[in-house]
Amino acid sequence: MERQRNKFRGGVLRCRHTHEVQLCANVPCLPLPKIRKANFDPPPGGGWALELKLEWKSTQYRDEIGEMTQPKHYWEDFRLGETVEFGEKHVTKEEIVEFASEFDAQPFHLDEEAAKQSILGGLCASGWHSCAMMMRMMCDGYILESASLGAPGVDEVRWKKPVYVGDVLRVRRTCTERRASKSRPEMGLTKFHIEMLNQKDEV
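Heads up: the sequence shown begins at 0 in numbering that gives the first Met the number 0, then just goes up one per residue.
As structure tokens, this is what we get:
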């Protein structure tokens, strides 16, 4: 059974008779919040009112300007079998050489003439640079707006085609597994098959 997200919006929830429950909340939460404080004060004109102050643990993130934001996506929002494409990355010579100079200083990532003489036939990005570019598109595409707690690892990485200067890249994501954690049922686990494509639709 899927766990449902619960959202409380700030304001007053009017009940039968003269009861009023003031919900001091405006963020998603999982599980239901706990009551921190309850006040019973008879309002003018009779009847009674109940004010509840709620608290819960909620994942928050800082956006690019440092403001706290609430996640838009939770694990149950990713539908099994769903495939989506996103991102657009234009690859330049300068960034290929810069990355390789620091992290993967093989000649075909650094020098155009050496790259022409190699089996790759031209200057191309390090495979690890390709992974980094893909990761950035994934962050911008959904991770930074998700209630992500990190990942336990990657099963396999394969570099099927070189990434050359001038390529325009995008990401294709397919949800292959989705389930609640057995040890922590308040947390969900999702598994994706991630592909990066160029402007020729080559993977």
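Each residue gets a CB set at the ideal place from its N, CA and C atoms; glycine is no exception.
task = Compare the Cα-Cα distances from A131 to each of Q69, A146, K71 and D103 and report the closest residue.
result = Here residue 131 is taken as the residue at index 132 of the sequence shown, counted from 1. The shortest C-alpha separation from A131 is found at D103.
inquiry  = Output needed for W74: all residues of its chain with C-beta closer than 6 Å, excluding positions within five of it in sequence on either side, in chain order.
reply    = Within the sequence shown, numbered from 1, the residue matching residue 74 stands at position 75. For W74, where only same-chain residues beyond five positions count, the Cβ hits under 6 Å are G187 and T189.
request  = Note down the Cα distance separating M137 from A179, rounded to an integer number of angstroms.
outcome  = What you label residue 137 is simply residue 138 of the sequence shown in a count that begins at 1. What you label residue 179 is simply residue 180 of the sequence shown in a count that begins at 1. Between M137 and A179, the C-alpha separation is close to 22 Å.
task = Can you tell me which of R177, D139 and V153 puts its alpha carbon nearest to the alpha carbon of R169?
result = Within the sequence shown, residue 169 is the residue found at index 170, counting from 1. It is D139.
Paired residues, beta bridge with K190 - DSSP = The residue given as residue 190 occupies position 191 in the sequence shown. Its beta-bridge partners are E176.
task = Pull up the distance between the alpha-carbon of E176 and that of L122, whole angstroms please.
result = Translated into positions along the sequence shown, residue 176 becomes position 177. Translated into positions along the sequence shown, residue 122 becomes position 123. Spanning the two alpha carbons is a distance of roughly 37 Å.
request  = Name, in chain order, the residues that DSSP records as bridge partners for S129.
outcome  = Stepping through the sequence shown from its first residue, residue 129 is reached at position 130. S129 is not bridged to any residue.
task = Spell out the partners DSSP gives C138 in its beta bridges.
result = Here residue 138 refers to the residue found at position 139 of the sequence shown. In the DSSP output, where bridge partners are listed per residue, C138 has none listed.
query = If we ignore side chains and look at the alpha-carbon of each, how far apart do E112 and G120 end up?
reply = One-based indexing of the sequence shown puts residue 112 at position 113. One-based indexing of the sequence shown puts residue 120 at position 121. Each residue's alpha carbon lies about 9 Å from the other.
message = I'd like the span of the beta strand (DSSP E) that includes H89, first residue to last.
response = Within the sequence shown, numbered from 1, the residue matching residue 89 stands at position 90. Unbroken beta strand (DSSP E) run through H89: T82 to H89.
message = Here's a check: name, in chain order, each residue in its chain whose Cβ is nearer than 8 Å to the Cβ of V156, leaving out the five neighbours to either side.
response = For the purposes of this step, residue 156 is taken as the residue at position 157 of the sequence shown. Once the five neighbours on either side are set aside, the close Cβ partners of V156 are G126 and C130.
inquiry  = Judging by CA-CA distance, which residue of F85, F107, L143 and D110 is the nearest neighbour of H72?
reply    = Your numbering for residue 72 matches position 73 in the sequence shown. The residue among F85, F107, L143 and D110 with its C-alpha nearest the C-alpha of H72 is L143.
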